[in-house]
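Read through the structure below, which is laid out as structure tokens, and then see the notes.
Here is the structure:
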């Protein structure tokens, strides 16, 4: 598609936030994905936020059935999917109604008028169409008969039913938006060609609808201006766009490769973690074995069994599944075997909000097992960071022979951003040494193997895998005697083993980077500390607050157990510490308990990431109070 | 030493027919003895426990397999029987309640060179771990599962189990159990098990012959072992151990032979139902001849229903032994056929890049 044909005015913008919204069957996630991919290839920095209901197809045209996809792209560094959309594409009245409150005045709304029927309007409680009754007059509304124009464009497709033609309306909308924001469509064309390779009619229809949308923008008088957003200045390198779940999957594969271990995933489907199972199931060519287990417990059990045999055992889940896996993770603590447990958090308690984000499993990850059962806990801060955190989790698990819990969440899992590709050869060397010979002698001077004789530096025990002659040994969940690993009920031994297991986890702090503080002024009295997916919103809020003159420092924890060694020292440097979290203050509780600092919580559990502007107000207020 | 344990590029030339076909054998001329399989740990079951006899039988049988000892692994759950791995000088894991089949599945799936055994009890396998057991059987993972059935919870001191009989008075059922018990053999057959057998702790010879058949079987082999708990359910199988009574009660399942106990034989009626009748009254054409390899599991299932709660007649032996693809072999095959070459750093680089990349110049 050539853009030079356009006779319309092209205006340059520095950033745009678009939200595509429609019925959950309207293909909004796909539309958003494709628009994102086009935008990424253009070199903008970006961040995305899909938001969809748990129901696969909630009743059509209703508020609970609305699915949306938000994309923020810019000619500069982007930290969040954007607080408020500049443009809303509403495929029906429900999509308009559900999203209108997020729109600032002056925003652009493109509505699919074909769906604004009496019946659809009344389904969501509109007596009159808001497009006609003047209630949207503070917005720029573009009423477009998306469905009927798309169907019209497909008039020559005599083999397709009307329903099939209607389904192409999302491609029409994508074409229109591609024109409006000057996005290249070749990537989407290639995508459609591969997706519908076996169905030439549907392929042609989608391509035709896509181009019809583009041409509609070009010719209709309703759109007088199109926009362009210049590429962002980014570090040199090769980039791709990546979601958190894909990055996490790739990180596990790359880490297993660097560890020279076969990757075994035992998993049970659960939202929003299932995409990791799907992704890894397609990577057998890299030596990855995946097993869809009968339940969450079997998933982690099979992973632990694989680890016992010398594989890299991994299990993936969300909060309810982590609860079910707790006993097996406790067993892994006792067996002291490597195990990676990925918890893609969602709203809780219980089933909670399966498709919405939250970070309320922190305390469950740290303490949700019987007994003193310490495990390492790490959390990625952005979708792309899921790759690095997976590598780090594998490093800790294999070095220290311990379960490691990775706390991602629904926002990171489904959200995406550009990722500068690492070089596999430059990733850390994670190769593992299995025990190969006896490590002690018995009273008679004969060589014997002591499965709990620890490495003095890491306190890790040997990883002695079945098949190794002379190292036959038995391990289990009953307390073991220090060194020999035999069953022991001795009180002093239990006290010693409990402290050793804790000391081993605490000792990980020696190999993790110190907590870094970002404070351009060097004079901040207020520190904002976060963990996990709040990184983007916090960084955006800090940027806003600084723009308004506030001096504020930011630090972000990727290691939650143990914390970086300098954490207490960093916290004590500031008059005021603010901890924004999508829970009721779990990290704040840990920081207060561990370091005796007056860390103050700012919390939100709405199933959505923080809004930068709202957080910026909280920060500015704290800065004002601290300097008063 | 670093061992490259990655999935083999090609499957070992395994004897696909045998349960231990892909496990390394001892060198020629080498042999192990019962003593080699006896660990240095003091055995701590109650005096008179049936587990001693089973342990002795297993320790006595394992050398017969001719496998390298280090390639044998016993995985257990929780309960008296699950202490078993501590007493065998092989690799072993005493895991958590009910989960042994799941853990063993992960181990078997990633290590075809291991002979993996699961030791479990009626509470462990059929109550808390029921889900894992049926799914291991359905998948046909190459595991030998020894289910010690004493019809009671021993380690928790005498509550009724999912195989306790209706009306049984225990600490938790002072007025008698209300639960209908599971028949472990029927359950396993219903879960698509490819090998199901029943034997008894006290009959060393029969137990050993069943272990032999189970180890030979490639796929999940479930062996129910009637086992006496002298403390909380003593003598529950005594009528089967008393030679004079046993003859009339035990229906020996021997491939190709009539199913009979004493002077009675099993006959099949027009509708397929089985019953036990005096041999002199039986229509010879209706006498059931056991076929362990019958693909249709309904004959084996019908035999499993001949159990009577009072042990008036109990089928013993191998109910079913059929060849069926195993989950772990198939999983390895999928990985091996997808992974035709060694994965290099460059392959991983290409994987990370995916299809849509863009480059920002320096």
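Protein chains in written order, with the working numbering: chain C, 906 to 1533; chain A, 1240 to 1601. We put the CB at the ideal spot given by N, CA and C, even for glycine. Predicted model only: the values in this text are computed from it and were never measured.
For the beta strand (DSSP E) containing residue 1413 of chain C, name the first residue and the last one. Per DSSP, residue 1413 of chain C belongs to no beta strand (DSSP E) and is neither H nor E.
Give every residue of the same chain whose Cβ lies closer than 6 Å to the Cβ of residue 1490 of chain C, excluding the five residues on either side of it in the sequence, and list them in chain order. Taking residue 1490 of chain C as the centre and dropping the five residues before and after it, the same chain places the C-beta of 1506, 1508 closer than 6 Å to its C-beta, in chain order.
Name the two residues that bound the continuous alpha helix (DSSP H) containing residue 1573 of chain A. Its alpha helix (DSSP H) spans residues 1566-1577.
When C:1474, C:1391, C:1432, C:1091 are compared against residue 1239 of chain C, the one with the closest alpha-carbon: Of the residues C:1474, C:1391, C:1432, C:1091, the one whose Cα lies closest to the Cα of residue 1239 of chain C is C:1391.
Use the C-beta contact count for residue 1435 of chain C: other C-beta atoms within 10 angstroms, 16 or more gives buried, fewer gives exposed. By the 10 Å Cβ count, residue 1435 of chain C comes out buried.
Would DSSP call residue 1591 of chain A helix, strand or coil? Helix, per DSSP.
Could you tell me which chain A residues have their CB closer than 8 Å to the CB of residue 1378 of chain C, listed as they occur along the chain? Residues of chain A whose Cβ lies closer than 8 Å to the Cβ of residue 1378 of chain C are, in chain order, 1330, 1331.
Could you please give me the residues that DSSP links to residue 972 of chain C through a beta bridge? Paired residue(s): C:927.
Could you check the C-alpha separation between residue 1368 of chain A and residue 1481 of chain C for me, to the nearest Å? Approximately 51 Å, taken between the alpha carbons.
Which same chain residues, not among the five before or five after residue 1438 of chain C, have their C-beta less than 6 Å away from its C-beta? Counting only Cβ-Cβ distances below 6 Å, and skipping sequence neighbours, we find 1314, 1316, 1317.
Quick one: what's got a C-beta closer than 6 Å to residue 1196 of chain C's C-beta in the same chain, skipping five residues either side? If we look at residue 1196 of chain C and ignore the five residues flanking it on each side, its Cβ neighbours are 1171, 1207.
Identity of the residues DSSP links to residue 1555 of chain A by a beta bridge: DSSP output for residue 1555 of chain A lists A:1491 as bridge partner(s).
Taking buried to mean at least 16 other C-beta atoms within 10 Å of its own C-beta, is residue 1249 of chain A buried or exposed? Any answer about residue 1249 of chain A is weak, because its pLDDT of 36 lies below 50 and its placement is not dependable; what the coordinates show is given next. So residue 1249 of chain A counts as exposed.
With DSSP as the reference, label residue 1445 of chain A as helix, strand or coil. Per DSSP, reduced to three states, the secondary structure at residue 1445 of chain A is helical.
With respect to the beta strand (DSSP E) encompassing residue 1465 of chain C, which residues constitute its N-terminal and C-terminal limits? From DSSP, the beta strand (DSSP E) with residue 1465 of chain C extends over 1464-1466.
Thinking C-beta only, is residue 944 of chain C closer than 8 Å to residue 1584 of chain A? Not in contact: residue 1584 of chain A and residue 944 of chain C (Cβ atoms no closer than 8 Å).
Which residues in the same chain have their Cβ closer than 6 Å to the Cβ of residue 1460 of chain A, if we skip the five residues on either side of it in sequence? 1383, 1434, 1453, listed in sequence order.
Neighbour flag for residue 989 of chain C against chain A, beta carbons, 8 Å: No, no contact with chain A.
For residue 1285 of chain A: DSSP bridge partner residues: In the DSSP output, where bridge partners are listed per residue, residue 1285 of chain A has none listed.
Using a Cβ-Cβ distance cut-off of 8 Å, determine whether residue 1468 of chain C contacts chain A. Using a Cβ-Cβ cut-off of 8 Å, residue 1468 of chain C does not count as an interface residue toward chain A, since no Cβ of chain A sits closer than that to its own.
Kindly indicate which residue of C:1222, C:948, C:1088 has the alpha-carbon position closest to the one of residue 1201 of chain C. Considering only alpha carbons, the answer is C:1222.
Report the neighbours of residue 1346 of chain A on chain E: residues whose CB is nearer than 7 Å to its CB, in chain order. The displayed structure is made up of protein chains C and A, and chain E is not among them.
Extent of the continuous alpha helix (DSSP H) to which residue 1340 of chain A belongs: Run containing residue 1340 of chain A: 1339-1349, per the alpha helix (DSSP H) assignment.
Straight-line Cα distance separating residue 1541 of chain A from residue 1556 of chain A: Distance between the alpha carbons of residue 1556 of chain A and residue 1541 of chain A is about 14 Å.
Determine, for residue 1307 of chain A, whether the minimum Cβ-Cβ distance to residues of chain C falls below 8 Å. Judged by the 8 Å Cβ criterion, residue 1307 of chain A is in contact with chain C.
Helix, strand or coil: which one does DSSP assign to residue 1019 of chain C? Helix at residue 1019 of chain C.
Using a Cβ cut-off of 7 Å, which residues of the stretch 1292-1325 of chain C contact any Cβ in chain A, in chain order? Cβ contacts with chain A: none found.
If you follow the alpha helix (DSSP H) that residue 1096 of chain C is in, where does it begin and where does it stop? Judged by DSSP secondary structure, residue 1096 of chain C falls within the alpha helix (DSSP H) whose first and last residues are 1091-1100.
Take the Cβ of residue 1291 of chain C as the centre, count every other Cβ of all protein chains shown within 10 Å, and call the residue buried at 16 or more, exposed below. Flag for residue 1291 of chain C reads buried.
For residue 1387 of chain A, list the residues DSSP reports as bridge partners. Checking the DSSP bridge columns, you'll see residue 1387 of chain A partnered with A:1360, A:1464.
Tell me the rounded alpha-carbon separation between residue 1004 of chain C and residue 1432 of chain A. Within the model, the alpha-carbon separation for residue 1004 of chain C versus residue 1432 of chain A is close to 54 Å.
What does residue 1162 of chain C reach in chain A if we use C-beta pairs closer than 7 Å? For residue 1162 of chain C, the chain A residues whose Cβ falls inside 7 Å of its Cβ are 1582, 1587, in order along the chain.
Along chain C, in chain order, which residues have C-beta atoms closer than 9 Å to that of residue 1374 of chain A? Near residue 1374 of chain A (Cβ distances below 9 Å), the residues of chain C are 1198, 1199, 1200, 1203.
Own chain residues within Cβ distance below 6 Å of residue 1444 of chain C, not counting five before or after: Within the same chain, residue 1444 of chain C has close Cβ partners 984.
Between residue 1310 of chain C and residue 1246 of chain C, how many whole angstroms is the CB-CB distance? I'm expecting something under 8 Å. With 8 Å as the limit, residue 1310 of chain C and residue 1246 of chain C qualify as a contact, their Cβ atoms being about 5 Å apart.
Please report how far the alpha carbon of residue 1305 of chain C lies from the alpha carbon of residue 1356 of chain C, in whole angstroms. Between the alpha carbons of residue 1305 of chain C and residue 1356 of chain C lies a gap of roughly 14 Å.
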